[in-house]
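K.L.:
2 protein chains.
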Amino acid sequence: MNPATYGTYLVTQASVSAGRETTEIVEAAVDGGIDVVQLREKATDARWRYDLGLEVRELTAEAGVDLIVNDRVDIAQAIDADGVHLGQSDLPVAVARDLLGPEVVIGCSASTVDEATRAEADGADYLGVGSVYGTTSKDVEADRAGVGPERIADISTAVSIPVVGIGGITAENAGPVVDAGAVGVAVVSEITAAEDPCAATDSLAAAVETAKAVGDTPPHDG
Amino acid sequence: MNPATYGTYLVTQASVSAGRETTEIVEAAVDGGIDVVQLREKATDARWRYDLGLEVRELTAEAGVDLIVNDRVDIAQAIDADGVHLGQSDLPVAVARDLLGPEVVIGCSASTVDEATRAEADGADYLGVGSVYGTTSKDVEADRAGVGPERIADISTAVSIPVVGIGGITAENAGPVVDAGAVGVAVVSEITAAEDPCAATDSLAAAVETAKAVGDTPPHDG
């Protein structure tokens, strides 16, 4: 799939699912119209991620939803994922590109314009930019304050690949992220912690669509 | 290289090196005649392991020493390692074989005869069997009591691929491991924590050679 179509992007994280299986959350998100799913769960071992990945691959493939694996190129290849998402502490984008070839999607986390332009130059297909509003859901040290939609605008201007915002995004605050130039929004808790993950996905997609429709409307003249 | 030649096998672990760089330990082990080096350091991120791996690859390649990467098939490919070593919680051996092709060495940890025969059936080239004497150097829960050289004998009898003993092995107690059927011994602390890692490697190699020479000597008749 084309990352330019990544309007709603679920990043899995079992620890905020209130005891529900990751497959249950993914299935609900797929029903709610999610565009892409990233298998994160970095703290777990490779066998566990591989087994879970096979299940998630089946769920997403049936629905025509892209599946991206965080960090591990080998697990992405083993489960026939559509791509990998690399942080600044993961394998370099150029190395992953060598291993994966030109067709596989490679995303890269960037929180500054420098990181963003470097990732694009190294061959990334899209950027995950954040944390937009700050977050507590990542197990790594996060920018609690958030870089804001302003950084989305700065980076979207500086690169020509699609930008997805991540970090503290909800259906209520997704609009400014899209207005700033993001093609979509990535969330963990907004879907995974929701009482109804399917409805939460649907609301998020509606918020993104609304923002895009407003952005696409030519100004009235008169 | 042929895993049957893995007489002395260093598994890297910076936490027991008394502050010395992993490259310094590897260089000393190579000088001392090590046969193979496994890049473990599982707790570190992929970028760090990749960067370290490139340095260790250069050191080992120059000396004709095999380099094996623990767990990550992608890092092994990225640094042009000779192989990977997979634990029971890592990617399945058969999956790694599909990704790596027939030429790359795949080792697998086994502590029981069942695990050993399954790994061989799945395409492993050698087995790491232990913990032979118990160990405190692994970050995972280890069998503190140790499976003993008896388990090495049981597994060596059950499989036709080379067996390397691991866990609490020193120059002093390596003999019985080789006598039981192991082609070699893998160590962390015996080399990494040694005041002189080069001399420690040399002593370990001598112990393995002595045990093999005794094993090869036909019994006197008369």
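Quick mapping for you: the protein sequence lines, in order, are chains A and B. First residue of the first sequence? That's 1 in full-length UniProt numbering, and the numbers climb one at a time after it. First residue of the second sequence? That's 1 in full-length UniProt numbering, and the numbers climb one at a time after it. Heads up, the beta-carbon is just placed ideally off N, CA and C, and yes, glycines get one too. Here the structure is a predicted model, which is why all the values come from computation and not from measurement.
To test your reading of the DSSP string, which unbroken beta strand (DSSP E) runs of 3 or more residues are found completely within the segment 119 to 204 of chain A?
P.N.:
126 to 130, 163 to 166 and 184 to 187
K.L.:
Spatial neighbours of Leu10 (chain B) within its chain, please: C-beta separation below 6 Å, excluding the five flanking residues on both sides.
P.N.:
Counting from 1 along the second sequence, the entry for residue 10 (chain B) is found at position 10. Hits under 6 Å: Ala29, Ile34, Val37 and Ile191.
K.L.:
Does Pro197 (chain A) get closer than 9 Å to chain B when you measure Cβ to Cβ?
P.N.:
Stepping through the first sequence from its first residue, residue 197 (chain A) is reached at position 197. Output row for Pro197 (chain A): interface = no.
K.L.:
So with CB distances below 8 Å, who are the chain B contacts of Arg47 (chain A)?
P.N.:
Translated into positions along the first sequence, residue 47 (chain A) becomes position 47. The answer, in chain order, is Gln88, Ser89, Asp90, Leu91 and Pro92.
K.L.:
Tell me the residue span of the beta strand (DSSP E) that contains Ala29 (chain B).
P.N.:
Here the question's residue 29 (chain B) lines up with position 29 in the second sequence. Taken as a continuous stretch (DSSP letters only), Ala29 (chain B) belongs to no beta strand (DSSP E), being part of the alpha helix (DSSP H) at Thr22 to Asp31.
K.L.:
Comparing C-alpha positions only, which one of A:Val188, A:Tyr50 and A:Arg72 sits nearest to Ser89 (chain B)?
P.N.:
Here residue 89 (chain B) refers to the residue found at position 89 when the second sequence is read from its first residue. When only C-alpha atoms are compared, the closest one is A:Tyr50.
K.L.:
Relative to the C-alpha of Val95 (chain B), which candidate in A:Gln77, A:Ala110 and A:Ser109 has its C-alpha closest?
P.N.:
As a working mapping, residue 95 (chain B) is identified with position 95 in the second sequence. Of the listed residues, the one whose Cα sits closest to Val95 (chain B) is A:Gln77.
K.L.:
Taking the alpha carbon of Asp74 (chain A) as the point to measure from, which residue in B:Leu91, B:Gly83 and B:Cys198 has its own alpha carbon closest?
P.N.:
Within the first sequence, the letter at position 74 stands for residue 74 (chain A). When only C-alpha atoms are compared, the closest one is B:Leu91.
K.L.:
What residues in its chain sit with their C-beta under 7 Å from that of Gly168 (chain A), if we drop five residues either side in the sequence?
P.N.:
On the first sequence, position 168 is the one that residue 168 (chain A) refers to. Contacts found: Ser131, Val132, Tyr133, Gly134, Thr135 and Gly146.
K.L.:
Would you say Ile75 (chain A) lies against chain B (beta-carbon separation less than 9 Å)?
P.N.:
If you number the first sequence from 1, residue 75 (chain A) lands on position 75. By this cut-off, Ile75 (chain A) is an interface position.
K.L.:
Any idea which residues DSSP pairs Ala110 (chain A) with across the strands?
P.N.:
Looking up residue 110 (chain A) in the first sequence gives position 110. The partner list for Ala110 (chain A) (beta bridge, DSSP) reads A:Val129.
K.L.:
Would the segment 102 to 117 of chain A count as touching the segment 150 to 161 of chain A if we require 3 or more Cβ pairs under 8 Å?
P.N.:
yes
K.L.:
Give the range of the alpha helix (DSSP H) segment to which Leu100 (chain A) is assigned.
P.N.:
As a working note, residue 100 (chain A) is residue 100 in the first sequence. Segment Val93 to Leu100, the alpha helix (DSSP H) holding Leu100 (chain A).
K.L.:
Mind listing the chain A neighbours of Asp71 (chain B)? Cutoff is C-beta to C-beta under 7 Å, in chain order.
P.N.:
Looking up residue 71 (chain B) in the second sequence gives position 71. Within chain A, the residues near Asp71 (chain B) are Ala46.
K.L.:
Take Ala14 (chain A) and list the residues in its own chain whose beta-carbon comes closer than 7 Å to its own, dropping the five residues that flank it on each side.
P.N.:
Counted from its first residue, the first sequence places residue 14 (chain A) at position 14. For Ala14 (chain A), where only same-chain residues beyond five positions count, the Cβ hits under 7 Å are Thr22 and Glu41.
K.L.:
Could you please give me the residues that DSSP links to Tyr9 (chain B) through a beta bridge?
P.N.:
One-based indexing of the second sequence puts residue 9 (chain B) at position 9. Bridge partners of Tyr9 (chain B): B:Val36 and B:Ala186.
K.L.:
Roughly how many angstroms lie between the CA atoms of Tyr6 (chain B) and Val185 (chain B), to the nearest whole one?
P.N.:
Against the second sequence, residue 6 (chain B) aligns to sequence position 6. Against the second sequence, residue 185 (chain B) aligns to sequence position 185. Spanning the two alpha carbons is a distance of roughly 8 Å.
K.L.:
Given a cut-off of 9 Å on the beta-carbon distance, is the pair Gly83 (chain A) and Asp122 (chain A) in contact?
P.N.:
Mapped onto the first sequence, residue 83 (chain A) falls at position 83. Mapped onto the first sequence, residue 122 (chain A) falls at position 122. For Gly83 (chain A) and Asp122 (chain A), no; Cβs fall outside 9 Å.
K.L.:
Please state the DSSP three-state secondary structure of residue 244 (chain A).
P.N.:
No answer is possible for residue 244 (chain A): it lies beyond the span of chain A, which begins at 1 and ends at 222.
K.L.:
Taking Cβ-Cβ distances shorter than 9 Å, what residues in chain B pair up with Val65 (chain A)?
P.N.:
Translated into the one-based positions of the first sequence, residue 65 (chain A) becomes position 65. Going along chain B, no residue has its Cβ under 9 Å from Val65 (chain A), so there is no contact; the nearest lies around 23 Å.
K.L.:
Would you kindly work out how many angstroms separate the C-alpha atoms of Arg97 (chain A) and Asp45 (chain B), rounded to a whole number?
P.N.:
Position 97 of the first sequence, counted from the first residue, corresponds to residue 97 (chain A). Position 45 of the second sequence, counted from the first residue, corresponds to residue 45 (chain B). When rounded, the distance between both Cα atoms is 19 Å.
K.L.:
From Ala171 (chain B) to Asp202 (chain B), what does the alpha carbon distance come to, in whole angstroms?
P.N.:
As a working mapping, residue 171 (chain B) is identified with position 171 in the second sequence. As a working mapping, residue 202 (chain B) is identified with position 202 in the second sequence. Distance between the alpha carbons of Ala171 (chain B) and Asp202 (chain B) is about 9 Å.
K.L.:
Chain B partners of Val95 (chain A), CB-CB under 8 Å?
P.N.:
By one-based count along the first sequence, residue 95 (chain A) stands at place 95. The contacting residues are Tyr50 and Ala78.
K.L.:
I'd like to know whether the C-beta of Leu39 (chain A) is nearer than 9 Å to at least one C-beta of chain B.
P.N.:
Looking up residue 39 (chain A) in the first sequence gives position 39. For Leu39 (chain A), the answer is no, since every Cβ of chain B falls outside 9 Å of its Cβ.
K.L.:
Please report the straight-line C-alpha distance between Val26 (chain B) and Ala18 (chain B), rounded to a whole angstrom.
P.N.:
Against the second sequence, residue 26 (chain B) aligns to sequence position 26. Against the second sequence, residue 18 (chain B) aligns to sequence position 18. Their backbone Cα atoms lie some 14 Å apart in a straight line.
K.L.:
State the Cα-Cα distance for the pair Pro218 (chain A) and Ala182 (chain A), rounded to the nearest angstrom.
P.N.:
As a first step, residue 218 (chain A) must be located in the first sequence, where it is residue number 218. As a first step, residue 182 (chain A) must be located in the first sequence, where it is residue number 182. The C-alpha of Pro218 (chain A) lies about 19 Å from the C-alpha of Ala182 (chain A).
K.L.:
Is Thr8 (chain A) near Leu39 (chain A), with beta carbons less than 9 Å apart?
P.N.:
The residue you call residue 8 (chain A) lines up with position 8 of the first sequence. The residue you call residue 39 (chain A) lines up with position 39 of the first sequence. When the beta-carbon positions are compared, Thr8 (chain A) and Leu39 (chain A) stay at least 9 Å from each other.
K.L.:
Here's the rule: buried if 16 or more other CB atoms are within 10 angstroms of the residue's CB, otherwise exposed. What is residue 233 (chain B)?
P.N.:
An answer regarding residue 233 (chain B) cannot be provided, because it is not within the stretch 1 to 222 covered by chain B.
K.L.:
Looking at chain B, which residues of the segment 108 to 127 of chain A have a Cβ within less than 7 Å of any of its Cβ atoms?
P.N.:
none
K.L.:
For Val16 (chain A), name the three-state secondary structure that DSSP assigns.
P.N.:
Locating residue 16 (chain A) in the first sequence gives position 16, where the first residue counts as 1. Under the three-state reduction of DSSP output, Val16 (chain A) falls in the helix class.
K.L.:
Closer than 8 Å by C-beta to Arg57 (chain A): which residues in its own chain qualify, once you throw out the five before and the five after it? Chain order, please.
P.N.:
The residue given as residue 57 (chain A) occupies position 57 in the first sequence. Excluding sequence neighbours, Arg57 (chain A) sits near Leu67, Ile79, Asp80 and Ala81.
K.L.:
Considering Val69 (chain B), what are the terminal residues of the beta strand (DSSP E) in which it resides?
P.N.:
To locate residue 69 (chain B), count along the second sequence from 1; it is residue 69. Asp66 to Asn70 is the span of the beta strand (DSSP E), which, as asked, contains Val69 (chain B).
K.L.:
Applying the criterion that 16 or more other CB atoms from any shown protein chain within 10 Å of the CB defines a buried residue, is Val178 (chain A) buried or exposed?
P.N.:
Here residue 178 (chain A) is taken as the residue at index 178 of the first sequence, counted from 1. With 16 or more other Cβ atoms within 10 Å, it is buried.
K.L.:
Val104 (chain A) by DSSP, collapsed to three states: which one?
P.N.:
To locate residue 104 (chain A), count along the first sequence from 1; it is residue 104. Val104 (chain A): coil per DSSP, three-state reduction.
K.L.:
Counting only C-beta atoms, is Ala213 (chain B) closer than 9 Å to chain A at any point?
P.N.:
The residue given as residue 213 (chain B) occupies position 213 in the second sequence. No - not a single Cβ of chain A is within 9 Å of the one on Ala213 (chain B).
K.L.:
Can you say whether Val65 (chain A) is buried or exposed, counting buried as having 16 or more other CB atoms within 10 angstroms of its CB?
P.N.:
Walking along the first sequence from the start, residue 65 (chain A) turns up at place 65. Burial call: buried.
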